[in-house]
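Accompanying notes for the structure given below.
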Amino acid sequence: MLLRYAFSQLRSTEIATVHCSAQTTSRHLLQKLSQTCMVISTNTGRVYRPKDCERLVLYLKDINLPKLDKWGTSTLVAFLQ
Numbered sequence: 002m003l004l005r006y007a008f009s010q011l012r013s014t015e016i017a018t019v020h021c022s023a024q025t026t027s028r029h030l031l032q033k034l035s036q037t038c039m040v041i042s043t044n045t046g047r048v049y050r051p052k053d054c055e056r057l058v059l060y061l062k063d064i065n066l067p068k069l070d071k072w073g074t075s076t077l078v079a080f081l082q
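Here the sequence shown is numbered in this note's numbering, starting from 2 and rising by one per residue.
Below, the structure written as structure tokens:
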């Protein structure tokens, strides 16, 4: 709630929330980005830009919940790094 209020005070900033669970993967994160952003080709390559605002905050709730792989790492966290 506090984060939502703080970001609502900033102009042209939106929050996209991803509710993580044991089954959350990097694919879910990319799906959320494709829903809220558009891909633009620039001279340095393709980039994601928010559709309806200037800035997008990707808020990951319960990021500690995704299941670990056989090496003990979270593929979601590894993707973000």
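Every residue, glycine too, gets a C-beta built ideally from N, C-alpha and C.
Please list, in chain order, all residues of the same chain as residue i whose beta carbon is under 7 Å from its beta carbon, the five residues on each side excluded.
i	result
L98	There is no way to answer for residue 98, as the model of the chain reaches only from 2 to 82.
D70	T76
Kindly indicate the opening and closing residues of the alpha helix (DSSP H) around residue i.
i	result
T43	T43 -> not in any alpha helix (DSSP H); beta strand (DSSP E) instead, spanning 38 to 43.
R5	3 to 9
T25	Element bounds for T25: n/a, residue is neither H nor E.
Using only alpha-carbon positions, find the residue among the options that is nearest to residue i.
i	options	result
L77	S22, C54, N44	S22
Y4	L30, H29, Y60	For clarity, residue 4 is Leu in the given sequence; the question names Tyr instead. For the residues L30, H29, Y60, the minimum Cα distance to L4 belongs to Y60.
K68	T26, M2, T43, R12	T26
M2	W72, K62, L66, Q32	K62
Would you grab the beta carbon distance between residue i and residue j for me? Rounded to a whole angstrom, and I think it's under 8 Å.
i	j	result
F80	L34	Contact flag wrong, Cβ pair sits at about 11 Å.
C54	S13	5 Å
Could you please give me the residues that DSSP links to residue i through a beta bridge?
i	result
A17	L59
Taking the beta strand (DSSP E) that residue i belongs to, which residues open and close that run?
i	result
G73	Element bounds for G73: n/a, residue is neither H nor E.
P51	46 to 51
Leaving out five residues before and five after residue i in sequence, what residues of the same chain have Cβ atoms less than 8 Å from its Cβ?
i	result
R47	V40, I41
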